[in-house]
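Report on the structure given below.
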Amino acid sequence: MKIKLFILVLNFTFQIIYSQELITEKLIWEKIGKAETFSSRSLSGTENKAITFKPFDVLHYKLDARLAMVNAGFEGTMNMRMLITNAADSLLLHSVGLNFTSLTVNEIPVAYDTFPSNETFSVRLPRVFTAGETVKVNIDYVRDLTYPRPMYNKQGYYWFAKDTANKIEENIGYTMSEPIDARMWMPCYDDPSDKATCEINATVPVGYEAGSNGLLVGVINNSDSTVTFKWREDLPITTYLMVISASKYSKFSQYYRRITNPSDSIEIINYMWQMDSAGTTWNARQAFSKVPRMMEVFSTIFGEYPFAKYGHAVAYQFYYGGMEHQTLTTVHRGWLSVVAYPFYDDWIAHELAHQWWGNLVTCKTWPDIWLNEGFATHSEFLWREFNFGIQSRNELLKRYTMFNDGSWRYAIYDPQSQGIPLFTWNVYSKAAWVLHMLRYLVGDTVFFNI
314 MKIKLFILVL NFTFQIIYSQ ELITEKLIWE KIGKAETFSS RSLSGTENKA
364 ITFKPFDVLH YKLDARLAMV NAGFEGTMNM RMLITNAADS LLLHSVGLNF
414 TSLTVNEIPV AYDTFPSNET FSVRLPRVFT AGETVKVNID YVRDLTYPRP
464 MYNKQGYYWF AKDTANKIEE NIGYTMSEPI DARMWMPCYD DPSDKATCEI
514 NATVPVGYEA GSNGLLVGVI NNSDSTVTFK WREDLPITTY LMVISASKYS
564 KFSQYYRRIT NPSDSIEIIN YMWQMDSAGT TWNARQAFSK VPRMMEVFST
614 IFGEYPFAKY GHAVAYQFYY GGMEHQTLTT VHRGWLSVVA YPFYDDWIAH
664 ELAHQWWGNL VTCKTWPDIW LNEGFATHSE FLWREFNFGI QSRNELLKRY
714 TMFNDGSWRY AIYDPQSQGI PLFTWNVYSK AAWVLHMLRY LVGDTVFFNI
């Protein structure tokens, strides 16, 4: 089956995708490149299976980010509000390739120690704080452009100059963090077990749009020919799901009427280059046309859509397929292909399903990632079944049996302990099949009420 699938995908390659971005098996999965990210870096204790004890709980992140957009320049001010849960005289946080220009705790300048091999730094508190107290850590920083980063991944923040010969229609800058790269564009506690609310204020030159998590609560036109987009996410979010995506975007909105209250609707904001809005080669309106229906189907099965908005930010170059940032999914430009339509519907549904499976409910540790990806892949089956019928679902089930040749007979939990990368077919298709098997064993009534 793998060979047949590869031939099918290869056929699409020659028909619809330009030479620099082939649709291969790697683009079938939303984040296959992240396997390389995770497996090729030394991991600090906070990424091991056991949650490392920490004496605090991050309550809120407020990031003021300034994106140059004429180069990869990125400056920020991060304010973290934390609840102390056990007496502490220091706080261990994450940072990679960021130069701090100021660090205060409750407005008091303090010293800090860096541990590059562990991608951490330790904030020396001005005194011992006891359980129940809150602290505010404020850090001014600049992303170090000289810090060695691979060309194609492990950057955290990606910037590309306009290059129409290579299909980059405008300057574009975006973040991509899963699993452990949020620390490469903002100081934070970068572990999936820790959730907080957040504000992201993204400042870009006039003419650019900047999308992020949650609701847009303000747009400020500044005196220096920049504009600040103020975003706020009031539901808990983990760091790998935070996002900024900026370019000279066009945008359009769709609306999903809540099944629990049809008089209320959720806005779906889609960002893409103007030529891709309804073009003859790339067509976002066509590619995203089924999203309101997908939201209706998943809300019926899983419970009402849990967030205040949804949307997509289209990126190119983008070294992944899609990424389910909370309320704003990033997708590869290739997913807008007119010739390929509706080839990518399943993966658009997959990313949407992550809003429930991965975002509302998040894996506690990275060995648990099969819960995120297995449920999202299984949701592709459900989308097919509830919208098109059993036959369509079964066709997709058969496509996702590529692990049956013996090469993927690993446990779906903790792939790395078995000597394979974190993001593989195992945590996607095999995990989805395990859930489908569970549905068969317990029956629909029990399964959909578990």
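Using our numbering, the letters of the sequence shown map in sequence onto residues 314 to 763.
Idealized CB from N, CA, C, for every residue including glycine.
Just so it is clear, the structure is predicted and the values come from calculations on it, not from any experiment.
M555 sits in coil when the DSSP states are folded into three classes, being neither helix nor strand. With a 10 Å radius around the Cβ and a threshold of 16 neighbouring Cβ atoms, I703 comes out exposed. In this structure, P680 and Y726 form a Cβ contact; the two beta carbons are roughly 6 Å apart against a cut-off of 8 Å.
For E617, there is no enclosing beta strand (DSSP E), as DSSP gives it neither H nor E. Taking C-beta atoms under 8 Å as the contact rule, S742 and Y723 fail to qualify, at a distance of about 12 Å. Cα atoms of I661 and P575: separation of roughly 23 Å, rounded to the nearest angstrom.
If only complete runs of 4 or more residues are kept, the region 528–609 shows the alpha helix (DSSP H) at 597–600, in order along the chain. Approximately 7 Å separates the beta-carbon atoms of F611 and S692; this is inside 8 Å, confirming the contact.
Rounded to the nearest angstrom, the gap between the Cα atoms of T510 and T758 is 35 Å. Here F366 carries a coil assignment [DSSP, helix/strand/coil].
In the DSSP assignment, I661 falls within the alpha helix (DSSP H) that extends over D658 to A666. The three-state secondary structure of N419, taken from DSSP, is coil. Looking from the CA of D503, the closest CA among K677, T690 and N451 belongs to K677.
In this structure, DSSP gives L641 a state outside helix and strand, which the three-state scheme calls coil.
Of the residues F387, Q630, G635 and E637, the one whose Cα lies closest to the Cα of D476 is Q630. Beyond the five residues adjoining it in sequence on each side, F369 comes within less than 7 Å, by CB distance, of M395, L396, I397, T398, A401 and L404 in the same chain, given in chain order. Between the region 538–546 and the region 508–523, the count of C-beta pairs closer than 8 Å reaches three or more; the two stretches touch. Straight-line spacing of the CA atoms in K561 and A666 works out to 28 Å. Of all C-beta pairs linking the region 581–598 to the region 639–659, three or more are shorter than 8 Å, placing the two stretches in contact. Per the C-alpha coordinates, the member of W586, T613 and K375 positioned closest to V450 is K375. By the criterion of a C-beta distance shorter than 8 Å, V755 is surrounded in its chain by I763, once the five residues flanking it on both sides are discounted.
Taking C-beta separations shorter than 7 Å and ignoring five residues to either side along the sequence, the partners of E609 in its chain run Y569 and I572, following chain order.
In the DSSP assignment, E446 forms no beta bridge with any residue.
With distances taken between CA atoms, V409 lies nearest to M497 out of M497, N484 and Y425. Counting only the Cα atoms, L710 lies some 30 Å from P505. Going by beta carbons, E580 and S563 fall outside the 7 Å limit. Residue environment for L554: buried (at least 16 other C-beta atoms within 10 angstroms of its C-beta). Distance check between V371 and each of N685, G687, H407 and G624 places H407 closest, using alpha-carbon atoms only.
Rounded to whole angstroms, the separation of the alpha carbons of F434 and T427 is 4 Å. Our two residues, F620 and S538, have alpha carbons roughly 33 Å apart in a direct line. Per the coordinates, the alpha-carbon of A523 lies some 15 Å from the alpha-carbon of Y623. L458 is classed as exposed because its beta carbon has fewer than 16 other beta carbons within 10 Å across all chains shown. T642 sits close to E664, with the two beta carbons spaced by under 7 Å. By the criterion of a C-beta distance shorter than 8 Å, A495 is surrounded in its chain by H407, G469, T488, C501, D503, T552, Y553 and M555, once the five residues flanking it on both sides are discounted. Non-local beta-carbon contacts of P549 in its own chain, meaning distances under 7 Å to residues more than five positions away in sequence, involve K508, A509 and T510 in chain order. Taking a C-beta distance under 7 Å as the contact criterion, F688 and R706 do not qualify as a contact pair.
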